[in-house]
Amino acid sequence: MSALLDRYRDALGKSTGRQSLYDHSMACVDVALRVARLAGEEPGPRLDRLIFATFVHDVGKLDPNFQAMVEAAVIGHPPPGKRVKHEASTFDHDHPRLVEESKEAIRMELRATCGYDLDPANLEGVMDHIWAFAVTHHGLFYVSYERDRAGTLHPLIRRQWTSFYPNEERRITLVDLLFEYHPLGGLVMIADLVASYCHEQGKDYAALFGQVATVGQLLDMLIERASAIEESLQ
Numbered sequence: 005m006s007a008l009l010d011r012y013r014d015a016l017g018k019s020t021g022r023q024s025l026y027d028h029s030m031a032c033v034d035v036a037l038r039v040a041r042l043a044g045e046e047p048g049p050r051l052d053r054l055i056f057a058t059f060v061h062d063v064g065k066l067d068p069n070f071q072a073m074v075e076a077a078v079i080g081h082p083p084p085g086k087r088v089k090h091e092a093s094t095f096d097h098d099h100p101r102l103v104e105e106s107k108e109a110i111r112m113e114l115r116a117t118c119g120y121d122l123d124p125a126n127l128e129g130v131m132d133h134i135w136a137f138a139v140t141h142h143g144l145f146y147v148s149y150e151r152d153r154a155g156t157l158h159p160l161i162r163r164q165w166t167s168f169y170p171n172e173e174r175r176i177t178l179v180d181l182l183f184e185y186h187p188l189g190g191l192v193m194i195a196d197l198v199a200s201y202c203h204e205q206g207k208d209y210a211a212l213f214g215q216v217a218t219v220g221q222l223l224d225m226l227i228e229r230a231s232a233i234e235e236s237l238q
């Protein structure tokens with residue numbers, strides 16, 4: 005059993021149809037695997053990290069304030085006073101511990117549901133990339149590693165890429181991920197975009213993938229539908 009998976013099943017991921025966070029995350033993983041196959045990416049350490057990051061990218065949605073926002077949308081009430089960006093809640097409410105403790109459970113769940121068997125050992129030493137995918141997947145934030153007065157290094161979520169922070173030792177931005185995982189550095193973003201758009205529109209993303217043979221064709225299709233996608237996500 006996994007506390008994270010249980011909470012994913014209980015939490016809302018989308019207001020439309022009361023889609024659970026679990027179902028949204030699994031849909032994103034399925035989309036990510038389809039995109040990876042189009043790109044010719046073979047199973048291995050890189051893909052393991054990308055697929056794991058895809059499953060946990062919305063962990064910030066477990067934030068009680070975000071859940072209150074989604075619940076209000078479901079029942080047609082005005083949003084509550086405190087509004088949050090879920091990416092900015094990635095490190096809140098013990099989310100990192102939940103994810104760390106659930107690596108094996110997530111592996112087993114993905115193997116049973118999607119037929120993909122990732123190796124948790126491939127996540128060792130690169131969890132900072134996993135968190136960065138979660139923080140950056142809407143293109144608004146990045147992760148800054150800064151030391152506090154006691155000398156402890158902490159990951160902080162920042163928004164102004166051009167700002168200088170005196171205690172910062174390093175940062176991971178979306179651009180870093182795009183280069184590090186080229187040509188799939190945007191895989192988490194694309195998977196979330198396609199899964200969200202198709203869910204909101206009641207479309208079958210499997211049918212969408214039946215119309216393309218390359219990643220380029222998929223991107224062209226998304227660009228053609230950019231206005232409809234943006235409108236549905238809003």
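For what it's worth, our numbering labels the leading residue of the sequence shown as 5, then goes sequentially. Beta carbons: idealized from backbone N, C-alpha and C, even for Gly.
- For His-28, the enclosing alpha helix (DSSP H) begins and ends at 25-43.
- His-28 sits away from Val-63, with the two beta carbons spaced by 8 Å or more.
- The alpha-carbon separation between Glu-128 and Ala-210 amounts to approximately 32 Å.
- By the CB criterion at 8 Å, Gly-17 and Ser-24 fall inside the cutoff.
- By the neighbour-count definition (other C-beta atoms within 10 Å, threshold 16), Trp-165 is an exposed residue.
- Distance from the Cα of Thr-94 is smallest, within the candidate group Val-192, Ile-110, His-61, for His-61.
- The bridge partners DSSP lists for Pro-159 are Tyr-149.
- The C-beta of Leu-157 has fewer than 16 other C-beta atoms within 10 Å across all chains shown, which makes the residue exposed.
- In the structure shown, Leu-16 adopts extended strand secondary structure according to DSSP, grouped into three states.
- Spanning the alpha carbons of Arg-111 and Leu-102 requires a straight line of approximately 14 Å.
- Exclusion of the five residues before and after Glu-45 leaves Leu-51, Leu-188 as the residues of its chain whose Cβ lies within less than 7 Å of its Cβ.
- Judged by DSSP in its simplified three-state form, Glu-173 adopts strand.
- Three or more Cβ pairs closer than 8 Å define a contact, and the stretch 147-156 falls short of that threshold against the stretch 113-130.
- DSSP places Glu-108 in the helix class (H, G or I) of the three-state scheme.
- With a threshold of 16 other beta carbon atoms within 10 Å, Ile-227 falls short and is exposed.
- With 16 or more neighbouring CB atoms inside 10 Å of its own CB, Asp-67 falls in the buried class.
- Leaving aside the five residues that flank Ala-199 on each side, the residues in its chain whose CB is nearer than 6 Å to its CB run, in chain order, Ala-31, Cys-32, Val-35.
- The residue among Val-219, Gln-221, Glu-234 with its C-alpha nearest the C-alpha of Glu-204 is Glu-234.
- Ranked by Cα distance from Ile-79, the options Trp-135, Gly-21, Cys-118 are led by Gly-21.
- Taking Pro-159 as reference, the option from Ser-167, Asp-14, Arg-174, Pro-170 with the minimal CA-CA separation is Arg-174.
- Here Asn-126 has Pro-49, Asp-52 as same chain residues with Cβ atoms under 6 Å from its own Cβ, once five neighbours each way along the sequence are excluded.
- Rounded to whole angstroms, the gap between the alpha carbons of Phe-137 and Thr-58 is 8 Å.
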